[in-house]
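Visitor: Pasting a structure below so you can have a look.
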Amino acid sequence: MSPASGDVVEVHPGREAVVDFDPSLTFECVDDCTWCCHHGVLLYEPDFLRLADCASLAEATTQVRGEDFVRKEAKDRDEHVGDDGEACFFLRDDGLCTLHAEHDWKPARCSVFPLSVSVKDGDRTSHPGGDIHVSVRDAAHDHCEGLDVSERRVVDNLDAFLPAVLWDLDNPDSRREL
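Using this note's numbering, the first residue of the sequence shown is number 99, and each one after it goes up by one.
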């Protein structure tokens, strides 16, 4: 039986999330979209430490309100950039991510797109602060070209979208912006 919106789903052994989206939703990255690369990427501490193995932190990151982010930068092109002409420091001219293409890794926040993660009070002890809830970013419905274009149901692949590290964080809220 397939989970319904509002159901608790085991994502990783012993780690559950509440699904707050239509379980029939499908997602697959599509070539040349890069919408997710137009946002500042919050780096949770494990991601920050791993990034140090891949790039110069001084060049690639910035700190805002005491939190580390991958830096956005102006790109000298018209495609693969946001309305402000900027995109992620690691977005290459060909629309691919340097971290994913060359290091077979991406920060947890990048894995989560186009989903949104929040913690809400709950009865279970699946997360210290409450239950992890997973929804679809509101803007994704207007900008993410990968929604409902494949047979890959998000609810069946939550482990690919939600790295296990999210359950180890006090606040894995994915709505924080650069």
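Each residue gets a CB set at the ideal place from its N, CA and C atoms; glycine is no exception. Bear in mind the structure is a predicted one, so any value in this text is a computation, not a measurement.
Which residues in the same chain have their Cβ closer than 6 angstroms to the Cβ of Leu123, if we skip the five residues on either side of it in sequence?
Guide: As a first step, residue 123 is located in the sequence shown; it is residue number 25 there, counting from the start. If we look at Leu123 and ignore the five residues flanking it on each side, its Cβ neighbours are Val252.
Visitor: Provide the residue(s) that pair with Val136 in DSSP beta bridges, ordered along the chain.
Guide: Stepping through the sequence shown from its first residue, residue 136 is reached at position 38. According to the sequence displayed, residue 136 carries His and not Val. DSSP output for His136 lists no bridge partner at all.
Visitor: Under a three-way DSSP split, which group does Cys208 fall into?
Guide: Start at 1 with the first residue of the sequence shown, and residue 208 comes out as number 110. Correct three-state label for Cys208: helix.
Visitor: If distances are taken between C-alpha atoms only, which option among Thr196, Glu249, Ala158, Lys218 comes closest to Leu141?
Guide: Here residue 141 refers to the residue found at position 43 when the sequence shown is read from its first residue. Per the Cα distances, Ala158.
Visitor: Going by the beta-carbon positions, is the gap between Val139 and Val106 smaller than 9 angstroms?
Guide: The sequence position of residue 139 within the sequence shown is 41, counting from 1. The sequence position of residue 106 within the sequence shown is 8, counting from 1. The answer is no: Cβ separation not under 9 angstroms.
Visitor: Taking the CB atoms as reference points, tell me whether Ser233 and Ser216 lie closer together than 9 angstroms.
Guide: Residue mapping note: residue 233 aligns to position 135 of the sequence shown, counting from 1. Residue mapping note: residue 216 aligns to position 118 of the sequence shown, counting from 1. In this structure, Ser216 lies closer than 9 angstroms to Ser233 by Cβ.
Visitor: How big is the Cα-Cα spacing for Cys242 and Leu213?
Guide: For this step, residue 242 is matched to residue 144 along the sequence shown. For this step, residue 213 is matched to residue 115 along the sequence shown. Roughly 11 angstroms between the two C-alpha positions.
Visitor: Give me whichever residues DSSP pairs with Ser216 in a beta bridge.
Guide: Counting from one through the sequence shown, the residue named residue 216 turns up at place 118. In DSSP, Ser216 forms a bridge with His231.
Visitor: Which runs of the beta strand (DSSP E), 3 residues or longer, sit entirely within the segment 122 to 199?
Guide: The segment 122 to 199 contains these whole beta strand (DSSP E) runs: 159 to 162, 165 to 168, 170 to 172, 184 to 186.
Visitor: With 16 other CB atoms within 10 Å as the buried threshold, where does Lys218 fall?
Guide: Mapped onto the sequence shown, residue 218 falls at position 120. Counting Cβ neighbours within 10 Å, Lys218 comes out exposed, since fewer than 16 surround it.
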